[in-house]
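S.K.:
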Amino acid sequence: MELVPIGQLPEIGVIPKFMFAQTLRADRFGMPISAYQQEVVPVPEIGDDEVLIGVMAAGLNFNSVWAALAYPIDMLQLMQQRNENDLPYFIPGSDCAGIVFKKGKNVTNVSIGDEVVVQGGWYDEQELFIRNGGDPTIGKSFRAWGYETNFGSYAQFCKVKHFQCLPKPKHLHWDEAAVYMVSGVTAYRMLHHYIPHNLQQNDVVLIWGGSGGLGSMAIQLVKAAGAFPVAVINNNSKVAFCEELGAVVLNRSNYTHWGEISGEQVLPETQEIWRNAAKPFLKDLLNLTNGRLPKIVIEHPGANTFPTSLYVCDKNGMVITCAGTTGYAGTFDLRYLWLYNKRIQGSHYANPEECKMLNNLIHEKIIHPVLGATYSFNDLPKALQLMHDNQLPCGSTAIKIGYA
Ligand SMILES: NC(=O)c1ccc[n+]([C@@H]2O[C@H](COP(=O)([O-])OP(=O)(O)OC[C@H]3O[C@@H](n4cnc5c(N)ncnc54)[C@H](OP(=O)(O)O)[C@@H]3O)[C@@H](O)[C@H]2O)c1
């Protein structure tokens, strides 16, 4: 078999020679709308520890925007420099749900025909640190699948390591199953991994971008732990969405103190200017929480919000970050850090154990994927452009591939 149309997959186990894919190439890097193009490419070969998945639906992630822009890193070039890809095209995509079509000879955890979701933490199991029990996310070989590796989910078939496959919850439709993993496990680790600052019952947690992929999963995880989520959004149209998930809500458009702070803003004679501008946000936050400050602040916007995150974080609390969407200069007044014993913690994705824990919460219907929209395969560049422009509907976004 040569190729099947988009909207269907071949009979299970039958592998066509070619597949449709949304690809990036170096001469098209730039805005997602023009960087991504549909092409017909060969279906990839798999190794002994790998699995070929027929993709039913893919989930969109912000890393696909970074991949299109080749900013801050040209991933195609980096993969070539690492000798991990010698093809001139790159198929991104770090989330999907699909069916096992083929497996390598050492794979025992899945069978042909199994319905699975893919978790995007790729690594080399033979790496000594990992073999000795080290957390794979800090191993040298750790890669964000479909961002740092080729053959991600924006195609009819994708290639994964066996441990990336987890059982698909039966109660979910393909598009719902495709969208929760990256956001969910990243939020899960941010909230539960960093002892002693791991989430406790009744803790107040401030969540930037409460209506986004990461934010909507974080709200639910906080709520499920019996704690108190405060979501930040930029527009009143998103309030009901966050409230339905269980959060109280602050609209950042009502305040003016955003952005990096400079050395000049923290001099004794000037420091009051920034603090006075930030105080209304703090005051409204305290009103919502009955006077309690956040023990954990879930950071990802970066430059725009970091000074505020550290300012409003409780004594002995933690600002934890996994991104710098609005810029990488995370500035703050050091005095808020040391005088109040606060912690700044970085966090990247999650390990397989954490992925299983999150997947169990979805199976048990304690956490639910929050699907905002499902786009056709043809519209993938448009959907990623909307993500770049912060114009997507609330929740996460899926692309249907293997069904009509
Ligand atoms: N390191 C990791 O493992 C990891 C994993 C997942 C995601 N990430 C990163 O985390 C970031 C968020 O991902 P996502 O999937 O949640 O993206 P998303 O669904 O596009 O949501 C991003 C949210 O950020 C908020 N935002 C946008 N501009 C902002 C600004 N200027 N100030 C404050 N908030 C702003 C938006 O909320 P409002 O405009 O309503 O405030 C939006 O809901 C991305 O950079 C992504 O690459 C990292």
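Numbered according to the working numbering, the sequence shown terminates at residue 464, and the numbering increases by one at each position without gaps.
Glycine included, every Cβ here is placed at the ideal spot set by N, Cα and C.
Just so we're clear, the structure is a prediction, and the values are computed from it rather than from any experiment.
Expressed to the nearest angstrom, what Euclidean distance is found between the alpha-carbon atoms of G212 and M91?
M.R.: 19 Å
S.K.: Report the start-end ranges of each alpha helix (DSSP H) in the region 229–281 that is 4 residues or longer and not cut off at the edges.
M.R.: 234–237 and 241–252
S.K.: Cα-Cα, which of L232, S201, N311 and N166 is closest to L111?
M.R.: Here residue 111 turns out to be Val, not Leu, going by the sequence shown. V111 has its Cα closest to that of N166, out of L232, S201, N311 and N166.
S.K.: Return helix, strand or coil for V332, following the three-state DSSP convention.
M.R.: Note on identity: in this sequence residue 332 is Glu, with Val being the wrong assignment. Here E332 sits in helix by DSSP.
S.K.: Taking the straight line between their C-alpha atoms, what separation do you get for I356 and I66?
M.R.: 43 Å
S.K.: What do you reckon, is the C-beta of A338 under 7 Å from a heavy atom of ligand 1?
M.R.: no
S.K.: Rounded to a whole number of angstroms, what is the C-alpha to C-alpha distance between N145 and G455?
M.R.: 33 Å
S.K.: According to the neighbour-count rule (16 or more other Cβ atoms, all chains shown, within 10 Å of its Cβ), is Y214 buried or exposed?
M.R.: buried
S.K.: Note down, in chain order, each residue of its chain lying with its Cβ closer than 8 Å to the Cβ of K162, except the 5 sequence neighbours on either side.
M.R.: The answer, listed in chain order, is G73, I75, I106, V111, L112 and I172.
S.K.: Go ahead and label E414 buried or exposed: buried means 16 or more other beta carbons lie within 10 angstroms of its beta carbon, across all protein chains shown.
M.R.: buried
S.K.: By a C-beta neighbour count over all protein chains shown, 10 Å radius and 16 as the cutoff for buried, is V100 buried or exposed?
M.R.: By the neighbour-count rule (16 or more Cβ atoms within 10 Å), V100 is not buried but exposed.
S.K.: Would you grab the beta carbon distance between W205 and M116 for me? Rounded to a whole angstrom, and I think it's under 8 Å.
M.R.: Actually they are not in contact, since the Cβ atoms of W205 and M116 sit about 17 Å apart, beyond 8 Å.
S.K.: Measuring alpha carbon to alpha carbon, tell me which of V379, I422, P70 and V430 ends up nearest L259.
M.R.: For L259, the closest of V379, I422, P70 and V430 by C-alpha to C-alpha distance is V379.
S.K.: Just grab the DSSP bridge partners of Q179 for me.
M.R.: Partner(s): none; Q179 has no beta bridge.
S.K.: Hey, D344 and L310 are a contact pair by Cβ (cut 8 Å); roughly how many whole angstroms apart?
M.R.: 6 Å
S.K.: Mind listing, in chain order, the continuous alpha helix (DSSP H) runs of no fewer than 4 residues lying wholly within the region 313–396?
M.R.: 331–348 and 366–372
S.K.: Buried or exposed for N376, going by 16 or more other Cβ atoms inside 10 Å?
M.R.: Exposed, because fewer than 16 other Cβ atoms sit within 10 Å of the Cβ of N376.
S.K.: Would you say C382 touches ligand 1, meaning its beta carbon is less than 7 Å from a heavy atom?
M.R.: yes
S.K.: Regarding L274 and ligand 1, is the C-beta to nearest heavy atom distance less than 7 Å?
M.R.: yes
S.K.: Helix, strand or coil: how does DSSP classify L84 here?
M.R.: L84 falls in the strand class under three-state DSSP.
S.K.: Along the chain, which unbroken stretches of the alpha helix (DSSP H) at least 4 residues long are found entirely within the region 162–228?
M.R.: Taking only runs of at least 4 residues, the alpha helix (DSSP H) segments lying wholly in the region 162–228 are 188–191.
S.K.: Do you know whose CA, among G193, P361 and L226, lies nearest I293's CA?
M.R.: P361
S.K.: Is L444 buried or exposed, if buried means 16 or more other CB atoms sit within 10 Å of its CB?
M.R.: buried
S.K.: Tell me which residue opens and which closes the beta strand (DSSP E) that E71 is part of.
M.R.: Looking at the DSSP string, E71 is not in any beta strand (DSSP E), and its letter there is neither H nor E.
S.K.: Any heavy atom of ligand 1 closer than 7 Å to the Cβ of T368?
M.R.: no
S.K.: Rounded to the nearest angstrom, what separates R11 and Q98 at their Cα positions?
M.R.: Residue 11 lies beyond the stretch modelled for the chain, which goes from 61 to 464, so this question has no answer here.
S.K.: Using a Cβ-Cβ cut-off of 6 Å (strictly less than) and excluding sequence neighbours within five positions of D263, which residues of its own chain qualify?
M.R.: A287 and K355
S.K.: Which class does Q287 belong to by DSSP, given the choice of helix, strand or coil?
M.R.: For the record, residue 287 in the displayed sequence is Ala; it is not Gln. Note: A287 maps to coil in three-state DSSP.
S.K.: Assuming D109 contacts G164 (C-beta within less than 8 Å), just tell me the rounded distance between them.
M.R.: 5 Å
S.K.: Please report the distance separating the alpha-carbon of N121 from that of E329.
M.R.: 43 Å
S.K.: Is Q451 helix, strand or coil when you go by DSSP?
M.R.: coil
S.K.: Does N6 come out as helix, strand or coil in the three-state DSSP assignment?
M.R.: Outside the displayed span of the chain (61 to 464) sits residue 6, for which this structure offers no information.
S.K.: Measuring from the CB of R312, is there a heavy atom of ligand 1 at a distance below 7 Å?
M.R.: yes
S.K.: In this structure, what does DSSP give as the bridge partners for K460?
M.R.: A117 and S436
S.K.: Ignore the nearest five residues each way along the sequence and tell me which others in G387's own chain have a CB closer than 8 Å to its CB.
M.R.: E320, G362, A363 and N364
S.K.: Closest by CA to H408, which one among A237, S124, L251 and K416?
M.R.: Its Cα nearest to that of H408, the residue L251 stands out among A237, S124, L251 and K416.
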